[in-house]
Amino acid sequence: MTNKKVILAIDDNIQQLKLFQGILVPKYDLRIVKSASDAMNFIHTNTADLILLDIEMPNISGFEFLNDIKKVPSYMDVPVIIVSGNTGEAFLSKARNSSAVDVLTKPVLPDQLIETIEKHL
Numbered sequence: 225m226t227n228k229k230v231i232l233a234i235d236d237n238i239q240q241l242k243l244f245q246g247i248l249v250p251k252y253d254l255r256i257v258k259s260a261s262d263a264m265n266f267i268h269t270n271t272a273d274l275i276l277l278d279i280e281m282p283n284i285s286g287f288e289f290l291n292d293i294k295k296v297p298s299y300m301d302v303p304v305i306i307v308s309g310n311t312g313e314a315f316l317s318k319a320r321n322s323s324a325v326d327v328l329t330k331p332v333l334p335d336q337l338i339e340t341i342e343k344h345l
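Counting in the working numbering, the sequence shown runs from 225 upward without gaps.
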């Protein structure tokens, strides 16, 4: 049995997390959390090979979380893919200039999601 890569999906939208489950569970070990604070708890006790990050969440923005996670030594080199419904030009520019390795806009097509993940693993 081969070890599946661990993907941490962070999104406050239950439907989006269910979509990720349907697409990714057959191929990856998917861990899901619904907030940045839950994600921080996860990363202090677990490892992940890649993170899917929603930017617009309550309490802390995904951009703040992205800056915080890159300060955790074991996560400095873990690729983060931003997945957001925001398609505004200013937002996309900020996202592309962040420390994330890629940006996907919702709704994400299954093939596009898998292809982007594979590119960065």
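Even for Gly, the Cβ is constructed at its ideal location relative to N, Cα and C.
With 16 as the cutoff for other CB atoms within 10 Å, does Met-300 come out buried or exposed? Numbered from 1 along the sequence shown, position 76 holds the residue referred to as residue 300. Classified as exposed, Met-300 has fewer than 16 neighbouring CB atoms from the shown chains inside 10 Å of its CB.
Would you identify the three-state DSSP class for Leu-333, choosing helix, strand or coil? Residue mapping note: residue 333 aligns to position 109 of the sequence shown, counting from 1. Three-state result, Leu-333: coil.
Since Ile-306 sits in a beta bridge, which residues does DSSP pair it with? Start at 1 with the first residue of the sequence shown, and residue 306 comes out as number 82. For Ile-306, which the question treats as bridged, DSSP gives the partners Leu-277, Val-327.
Among residues of its own chain, excluding the 5 on either side of Ile-305, which ones have a beta-carbon nearer than 8 Å to its beta-carbon? Translated into the one-based positions of the sequence shown, residue 305 becomes position 81. So the list reads Leu-274, Ile-275, Leu-276, Leu-277, Ala-324, Val-325, Asp-326, Val-327, Leu-328, Thr-340, Ile-341, His-344, once near-sequence residues are dropped.
Close Cβ partners of Gln-245 (< 8 Å) along its chain, the five nearest in sequence each way excluded: Along the sequence shown, read from residue 1 onward, the residue named residue 245 stands at position 21. Apart from the 5 residues on each side of it in sequence, Gln-245 sits with its Cβ closer than 8 Å to the Cβ of Leu-254, Ile-256 in its chain, given in chain order.
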